[in-house]
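Taking it in order: structure first as structure tokens, then the write-up.
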Amino acid sequence: MYALSQPQSTPPSYDQDVGELLDDVEFESIELPVYSPPQRLRTARTRGPRRDESVEYKLELKKGRPYLVLQLLADGLCPKNIPTYIEGTPIKGEVRMDVEEAEAVQDVVLNIHGRFITGLAPDEQVSFLNIWHTLWSSNGGDEPHSRLASCPNPLSLCGFGTRAPTPRPTGRLQGKYTWPFSITVPRKVAMGNGQPSFHLPHSLDERGCHITVCYEITVKVRKAKLKPDRSLSTVFRYITISKPPPFLPLKRLAYQERVSLMGPTIDTEGWHSGDPITIKGMLFRNRRVSTTCTLYLSKPLGYARGTLIPLCMRLQSDDPQVLDLLSTPSSIKVVLRRSIKYKALRQGGWRKTIDPLDDCPSAVWWPSTEHDNIPRESNVRFVNGELHLRSSLKPSEKVPFFQTKYAVALLPFEAIGFVQDDNGEEVVQEQAVDIATASASGPPPIKFAPPGYERWCILLALTTFIRSVYGINAAGVHGNFAGGFVSSINEGQLCPSSVSGFSSSHHHCAMRRTVLSILLFVCSASALYHPVREYAGPTFFDGWAYYGNVDNTTWGNVTYVDKETAMKSSLTYVNTAGNAVVRVDNFTVIQPASLVNRDTIRLTSLDSYGIGSLIIIDAAHIPYGCSVWPAFWTYGIEQEWPLAGEIDIIEAINGMDHNQFALHTTPGCFKADEIPGTQTGQTLEGDCSTPRGCIVAETKPNSFGPAFAAAGGGVYAVQIAESGVFQWFWSRPDIPANLLATTADNTLDISSWGIPTSAYPSTRCNMTQFFPPQNLVLLTTLCGVWAGVPSIYSSTCHTPTNNCVNDNIVGDGSNYANAYWEIKSIRAFISDDAPIQPPSSATPTPNSPITTVTGSQLPPISSVAVSVVVISPTDTPSTDTAQPTASPTGKPSSATIPSPNLSPIFHLVLIPLILVLF
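Using the UniProt record's numbering, the first residue of the sequence shown is number 1, and each one after it goes up by one.
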């Protein structure tokens, strides 16, 4: 948990969307599905009565005294705290006004305004919605009323910001006023000039998009002539409600009975068939081949975002080798593409942009048995697929001035050993589809793709390639890949004297073995995890030892109190929301002294977790503020630090706005050089044996500090595997659906989690050597050898004397109001195939003596002796703190990077490398 470096920042990404906001809202006869990878696309989670989200905007004429406050009660808040409203729900809130000196006011009005924007100039903006709502009027009192302004000229701003055409008397306002409001927004509007009405469009504001659909609400205090008006404005997001057509009878029946869909050879009415296309190319650089391909999409061609599009592909060729290669699931590339057509208001005419939706995954494929219905036709293959749709996709729309359309696109095949002819087209074929915001009537769609199947796509492609090039026995490779392939390597089949004219030098042979061994290791991994321990609710603190000593590890100016003191002083407790709170003493008055310590908490788990473990912490709040140094980390208790390693999951100080991950080890462990696409964070240090460790800084927003709290917190996860250590972070709105749905009893599939923030692959660090079973540690210290170092403290906090202790710890402690953890849960999982290690011979207790590490090791992490225990696949975790009975400890296991992280590496780096080597 130590990093002697000045905090660094990188620009955050702002391309987030409202995501699954619709999951929290119930509508009449509208089912809103949530995609959950384990087996089923389910309807909206039951959350009880919907709670409006509140956000305030203030106009201050004098510091600390708001003159005008606009409070909105929205259906939800986007990541940037933008209020969001769903079609059919009113815009509610209140306006508060505090007038210190009497003012002459004509009226106080609200304006709700919607417009298309293609540029900054007035003639590049078109108004389509303009509602005026009077909160108070000098001639009408405070009785509110609304009116919808007409749009006589579609290319004007439709009266936005203008006064009423006739002068009105003024009244005088003084004191405090509150005006609640609830305004119904029409579902349809018209642009005037006899044009037909249309549904209000969905909000659209994306980087790189040339048109914006903007909604804005303004409160305006309109005064007498020659007096400046006062106004307060904010944008809001508007979500439309649209539903796709209902499923056809056979598909509805399949989803209802939870059985596989009938394919296009049986359910001919249930599938849309694209035109057959011929795929031509060169196989293994020595012969021309061709294949006929037909892509099928499930009908009707309308789908709800957050669900999926069922697919099927038929391939036919006289060459069985190319048929095997192209029918390999990893070879087929089908994606969703979006096109936005908009009217350039100033130049005239229409413009079109095509967005490949890079953040949407390509379709997942697996072998089909459909060809069993075509007896004795050996030159045909069928492959089943699913294209999973993000829940934040904008819906298909067609309104004046712009249209949003989607298409399912088949891209050129990417098969090992096959080069498709380049005809200058990046898309082989595409089919238009409609995307809706709500699910179709009837049973929800079901995911039929085998969990983690993407991993086996790589294995199948590799074995097919090896079989084709080297003639290795197919049964030996497919039937027992690990045994057959390893024996092939050992027996020299990968290094023949001459293969297709390629050099067989010892150097090339060694490189081939290395690359293919890596692929073998990657493909043999598991992405399924089973729960073994949950720290949550009333029993949260039962599984931890309280440190009960001064901070003799990082030399913070604190005393870690024992459990009795912590409970009595309310430094640890479970709040009314059921969350565990761990806080710093913020009520004791401390006088200046030579040695000043403030009470705080350090907890160490009674259980330890080894190779094959997955640790997930869901926190609503993390301590922050000047002098504050929170950390959630792991270390091996069996040896002195750092002989048993340390993994920092959450750690930051003072005014930092981002989290830092890190590993600490003895010499010999390094963070491997980054391959593009393997992590989203920024590497700051690669040698894990330095005092600061090998560090990766989080680049996503809201990972620490006030922003983390304002977003509702988030989730951190760390995977400890033989293949490496991998860490993820999600702000509250971005938490994966399957993680939200996971309980203490559910198996968790992490294959859909995407690229981790930090990746420490084992290629340059033997994880089983440097990381024996690890115990969890949760603490908050103050000042110390990182947060309190003068040069670091002065750069991250600006206080009167730049003295960490005197400016913060001394005094009444009120500046530590935000120095607390609020934790919803900490969960531990073990992988499918993690082996079991015999229990430790030690029988420690939370009150065992503390051994302090001294000398040149920094930081000198001490050991509270706690238990290393055994988990059996059939055991039930115990909640008895005196004799803990469950923990995933570790011999080497094969948990590894989830498959989506491997696909880009495989295609962009390893496949070209194989082709070059061979």
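Glycine included, C-beta positions come from ideal geometry on N, C-alpha and C.
Query, Result
"Proximity of Q202 and P395 at Cβ, strictly below 8 Å", "Correcting the residue type first, residue 202 is His in the shown sequence and not Gln. Yes. Within cutoff."
"Through-space distance from H272 to G302, alpha-carbon basis", "12 Å"
"Cβ neighbours of Q71 in the same chain (closer than 6 Å, five flanking residues each side left out)", "E56, G93 and E94"
"Where G48 sits in the DSSP three-state scheme", "In this predicted model, G48 has a pLDDT of only 38, less than 50, meaning its place in the structure is not dependable; the value taken from the coordinates is given anyway. Correct three-state label for G48: coil."
"Closest by C-alpha distance to I277, when choosing among S317, R338 and I239", "S317"
"Buried or exposed by the 16-neighbour rule on C-beta atoms within 10 Å, applied to A593", "exposed"
"Straight-line gap, R252 to S441 (C-alpha atoms, nearest Å)", "10 Å"
"Beta-carbon proximity check, D687 vs F661, cutoff 8 Å", "no"
"Per DSSP, the bridge partner or partners of V696", "F661 and T683"
"The alpha helix (DSSP H) enclosing L325, as first and last residue numbers", "P320 to L326"
"Expected contact under 8 Å - CB spacing of G274 and L248 to nearest Å", "Not really, about 18 Å apart at Cβ, beyond 8 Å."
"Range covered by the alpha helix (DSSP H) that runs through F670", "Here F670 belongs to no alpha helix (DSSP H), and DSSP marks it neither H nor E."
"Which listed residue (Y816, G424, I653 and S762) has its alpha carbon closest to that of Y793", "I653"
"Beta carbon of Y529 nearer than 8 Å to that of T747", "yes"
"Cβ-based burial, W629 [other Cβ within 10 Å; buried from 16]", "buried"
"Cβ-based burial, A449 [other Cβ within 10 Å; buried from 16]", "buried"
"Where the beta strand (DSSP E) containing L786 begins and where it ends", "Before going on, a small fix: residue 786 reads as Trp here, not Leu. Counting along the chain, W786 falls outside any beta strand (DSSP E), though it belongs to the alpha helix (DSSP H) covering G784 to A787."
"Proximal residues to residue 958 (C-beta, below 6 Å), its chain only, five neighbours per side dropped", "Residue 958 is absent from the model: the chain starts at 1 and stops at 918."
"Bridge-paired residues (DSSP) for E534", "R827"
"Host alpha helix (DSSP H) of Y255 (start-end)", "P249 to E257"
"Neighbourhood of G811 by C-beta, 8 Å cutoff - its chain only, sequence neighbours within 5 removed", "V589 and I590"
"Enclosing beta strand (DSSP E) for Q71 [first to last residue]", "R65 to A74"
"Neighbourhood of T218 by C-beta, 6 Å cutoff - its chain only, sequence neighbours within 5 removed", "N111, S231 and S233"
"C-beta contact flag for V532 and I830 at 8 Å", "yes"
"Local conformation of I897 per DSSP, three classes", "Only weak support is given to the placement of I897: the predicted model assigns it a pLDDT of 31, under 50, and the value that follows is read from those uncertain coordinates. If DSSP states are grouped into helix, strand and coil, I897 belongs with coil."
"Exposure label - G788; buried when at least 16 CB within 10 Å", "buried"
"Burial state of D75, where buried means 16 or more other Cβ atoms lie within 10 Å", "buried"
"Classification of P761 by the beta-carbon crowding that lies within 10 angstroms, buried from 16 upward", "buried"
"Minimum C-alpha distance to L410 - residue among A710, E430, S327 and F401", "E430"
"Same chain only: Cβ atoms within 7 Å of P367, ignoring 5 sequence neighbours per side", "V383"
"Length-filtered (4 minimum) alpha helix (DSSP H) runs lying within the region 556-614", "563-568"
"Per-residue DSSP class, three states only, for G281", "strand"
"E722, buried or exposed, once every other Cβ within 10 Å from all chains shown has been counted against 16", "buried"
"Reduced DSSP secondary structure (H/G/I, E/B, other) of Y35", "Low confidence applies here, because Y35 scores a pLDDT of 30, under 50, leaving its location unreliable; read the following figure in that light. Three-state DSSP puts Y35 in a strand."
"Residue interval of the beta strand (DSSP E) (run including M767)", "Where M767 is concerned, there is no enclosing beta strand (DSSP E), although the alpha helix (DSSP H) it sits in stretches over M767 to F770."
"Spatial distance of I435 from L311 (CA atoms)", "16 Å"
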